[in-house]
Amino acid sequence: MSEIMNCPRCNAIFMKNQFRDVCDKCYKEDEKMFETVTGFLKKRENRAATMETVLTVTGVDEELLYKWVKKGRIHSKQFPNLGYPCDKCGKIIQTGRICDGCAGGLISDLKKFEDEQERKKQRDSSPSTYYTMKDKR
Numbered sequence: 002m003s004e005i006m007n008c009p010r011c012n013a014i015f016m017k018n019q020f021r022d023v024c025d026k027c028y029k030e031d032e033k034m035f036e037t038v039t040g041f042l043k044k045r046e047n048r049a050a051t052m053e054t055v056l057t058v059t060g061v062d063e064e065l066l067y068k069w070v071k072k073g074r075i076h077s078k079q080f081p082n083l084g085y086p087c088d089k090c091g092k093i094i095q096t097g098r099i100c101d102g103c104a105g106g107l108i109s110d111l112k113k114f115e116d117e118q119e120r121k122k123q124r125d126s127s128p129s130t131y132y133t134m135k136d137k138r
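Residues in the sequence shown are numbered consecutively from 2, following my numbering.
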């Protein structure tokens with residue numbers, strides 16, 4: 002479903018939909034830049050170009066290049082030096098949303114949490130016995 006909003010780049014009013022998050026004018030500019038980038042990368046000598054090289058030579062915005070790689074418009078399998086930042090730490094990755102290091106950290110945190118929950122469950126389920134001492138007077 003579409004909604005009316007302002008373009009985040011030029012502030013023009015447009016109908017946002019699931020395919021575009023910018024106005025038609027900015028979308029056409031993005032497509033021109035995409036053609037420039039893909040034209041640069043199609044040359045055999047540029048296939049191993051780094052992110053910095055692509056940004057410098059083509060003049061494309063860094064966030065736009067990240068967006069294309071993340072959405073799969075530029076395949077990181079074909080261009081091994083291209084990627085996008087991890088959502089957690091910012092390290093450049095080629096697949097997923099977080100890097101292997103952050104994923105490992107999350108898994109270990111979840112394991113610790115599950116162990117803690119299991120200990121609490123065992124503690125709460127075991128019967129507690131209370132002893133009192135009567136005074137023998």
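Where a beta carbon is used, it is the ideal one built from N, C-alpha and C, also for glycine.
A residue is called buried once 16 or more other Cβ atoms fall within 10 Å of its Cβ, and CYS11, having fewer, is exposed. Sixteen is the threshold: since fewer than 16 other Cβ atoms of the shown chains lie within 10 Å of the Cβ of GLY40, the residue is exposed.
Burial is judged here by how many other beta carbons sit within 10 angstroms of a residue's own beta carbon; CYS24 has at least 16 and is buried. Proximity to LYS72 across LYS89, ILE94 and GLY106 peaks at ILE94, based on C-alpha coordinates.
With a cut-off of 8 Å on Cβ pairs, the segment 83-102 is not in contact with the segment 112-127, counting fewer than three such pairs. Sixteen is the threshold: since fewer than 16 other Cβ atoms of the shown chains lie within 10 Å of the Cβ of ILE5, the residue is exposed. Counting along the chain, GLU46 sits inside no alpha helix (DSSP H), nor does DSSP assign it H or E at all. Taking a 10 Å sphere around the C-beta of PHE15, we find 16 or more other C-beta atoms and assign the residue as buried.
According to the DSSP assignment, ILE5 belongs to the beta strand (DSSP E) that extends over 4-7. Counting along the chain, the unbroken beta strand (DSSP E) around PHE15 starts and ends at 14-17.
Within the same chain, and ignoring the five residues on either side of TRP69 in sequence, the residues whose Cβ sits closer than 6 Å to its Cβ are ILE75. Secondary structure of ILE108 (DSSP, three-state): helix. In this structure THR51 is in contact with ASN82, their Cβ atoms being roughly 5 Å apart against a cut-off of 8 Å.
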